[in-house]
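Residue numbers (my numbering): 20 to 275. Quick reminder that beta carbons are idealized off the backbone N, C-alpha and C, glycines included. Keep in mind the model is a prediction, meaning the values are calculated, not measured.
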Amino acid sequence: MVKVVTWNVNSINSRLDRVKAFLDRESPDFLCLQELKCADEKYPHEAISELGYHSAIFGQKAYNGVAIISKKPVETLFRNFDPKDEASRMIAVRTAYGFDLINAYVPNGQSVGSEKYAYKMAWLKQAKQFIQSHWKTSDKLVFVGDFNIAPDDRDVYDPVAWKEHIHCSAGERAALTDLLSVGLIDTHRMHDQSTGVFSWWDYRELSFARNKGLRIDLIYATPPAASLCRSVKVDRDERRGEKPSDHAPVIATFDF
DNA sequence: ATGGCGAGACAATCTCGA
Numbered sequence: 020m021v022k023v024v025t026w027n028v029n030s031i032n033s034r035l036d037r038v039k040a041f042l043d044r045e046s047p048d049f050l051c052l053q054e055l056k057c058a059d060e061k062y063p064h065e066a067i068s069e070l071g072y073h074s075a076i077f078g079q080k081a082y083n084g085v086a087i088i089s090k091k092p093v094e095t096l097f098r099n100f101d102p103k104d105e106a107s108r109m110i111a112v113r114t115a116y117g118f119d120l121i122n123a124y125v126p127n128g129q130s131v132g133s134e135k136y137a138y139k140m141a142w143l144k145q146a147k148q149f150i151q152s153h154w155k156t157s158d159k160l161v162f163v164g165d166f167n168i169a170p171d172d173r174d175v176y177d178p179v180a181w182k183e184h185i186h187c188s189a190g191e192r193a194a195l196t197d198l199l200s201v202g203l204i205d206t207h208r209m210h211d212q213s214t215g216v217f218s219w220w221d222y223r224e225l226s227f228a229r230n231k232g233l234r235i236d237l238i239y240a241t242p243p244a245a246s247l248c249r250s251v252k253v254d255r256d257e258r259r260g261e262k263p264s265d266h267a268p269v270i271a272t273f274d275f
């Protein structure tokens with residue numbers, strides 16, 4: 020059983036105690052982090068390696084930054100879909116289990132029609148083209164991350180209020196659908212068709228207590244990998260207590 | 001409609017996130 024986790028930690032150094040406790044508790048084979056919010060030299064390599072984990076990182080001062088923490092060493096394949104992208108948003112590795120793993124922090128987009136929205140849309144198009152040129156649908160590929168898009172209205176606590184808002188707009192959903200047409204399956208929806216399963220809740224307005232959230236942290240897989248996916252769950256407990264991230268980890272298991 | 005909370009940069013308030 021191989022356990023793959025995606026978690027937007029909202030600063031690795033601010034969340035280090037929680038990350039260490041999570042590694043101890045869940046013992047994941049792969050912990051994919053987004054929003055490290057630190058340059059490579061500020062990444063807490065020692066604290067992670069003391070727990071027996073390797074880190075493949077792509078940091079950036081203050082913003083963005085992604086890492087893949089793993090029990091077994093990985094071979095880093097790529098950093099970013101677009102080499103001209105100044106933001107550190109993607110790292111891809113070859114695992115020791117015969118599958119490749121992409122970890123991405125998709126741009127937020129700010130608001131529909133903004134410059135950042137155009138960047139988000141272009142980024143998603145670039146992601147599709149890059150994946151298409153480097154993998155086949157018949158390859159074992161797992162693509163996780165903070166997608167900053169709620170795939171459909173079941174993934175939104177109030178779809179009417181969020182209609183055509185950022186993360187839920189038809190344009191973003193179409194761009195996501197186009198990206199997934201390379202042959203990627205939402206592993207959560209293989210196991211659960213319900214509404215009200217979320218992975219992010221705003222820090223404000225007691226959103227978590229009221230379950231006012233979005234499901235934007237997603238685990239996709241190509242058919243040969245998806246067919247080996249046995250479970251997907253949100254670790255809601257990680258959103259509780261002192262100094263949580265505003266995202267909870269999403270944990271998938273595979274029979275690789 | 002607005003702002004609310006949290007983090008980083010930097011040194012009192014900014015920007016940014018979702």
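Pick from the options: whose alpha carbon is nearest that of residue i?
i: Lys262; options: Val23, Val24 and Ser30; result: Ser30
i: Trp219; options: Gln148, Ser107, Asp165 and Ala86; result: Asp165
i: Thr156; options: Phe227, Leu55 and Ala244; result: Ala244
i: Phe97; options: Ile150, Val201, Val21 and Ala189; result: Ile150
i: Tyr116; options: Asp158, Ile185, Lys39 and Cys187; result: Asp158
i: Tyr222; options: Leu143, Gln212 and Asn230; result: Asn230
What is the DSSP secondary structure of residue i, reduced to helix, strand or coil?
i: Asp254; result: coil
i: Phe162; result: strand
i: Glu94; result: strand
i: His186; result: coil
i: Trp154; result: coil
i: Lys22; result: strand
i: Tyr82; result: coil
i: Ile110; result: strand
i: Ala267; result: coil
How should residue i be labelled, buried or exposed, when 16 other C-beta atoms within 10 angstroms of its C-beta is the threshold for buried?
i: Pro92; result: exposed
i: Ser33; result: exposed
i: Arg102; result: Strictly speaking, residue 102 in this sequence is Pro, with Arg absent from that position. Looking at its Cβ environment, which holds fewer than 16 other Cβ atoms inside 10 Å, Pro102 is exposed.
i: Thr114; result: buried
i: Glu69; result: exposed
i: Lys182; result: exposed
i: Thr25; result: buried
i: Gln129; result: exposed
i: Arg258; result: buried
i: Lys56; result: buried
i: Val276; result: Lying before the first or after the last residue shown, residue 276 is absent from the chain, which here runs from 20 to 275.
Give me whichever residues DSSP pairs with residue i in a beta bridge.
i: Trp181; result: Beta-bridge pairing links Trp181 to no other residue.
i: Gly232; result: Trp220
i: Gln53; result: Asn27 and Val85
i: Ala123; result: Met109 and Gly164
i: Phe273; result: Val21 and Cys248
i: Tyr239; result: Phe162 and Asp205
i: Ile76; result: Ala86
i: Val175; result: Leu233
Using 8 Å as the cut-off, can you tell me whether the region 232-240 makes contact with the region 169-179, which would need three or more C-beta pairs spanning the two stretches below that distance? Contact between the region 232-240 and the region 169-179 is present, because at least three Cβ pairs lie under 8 Å.
Evaluate the contact criterion for the region 236-249 versus the region 201-216: three or more CB pairs, one atom per stretch, below 8 Å. Result yes; three or more Cβ-Cβ pairs closer than 8 Å.
Any 3 or more C-beta pairs closer than 8 Å across the region 185-200 and the region 136-148: For the pair of segments examined, the region 185-200 was found to touch the region 136-148: the number of CB pairs separated by less than 8 Å reaches three.
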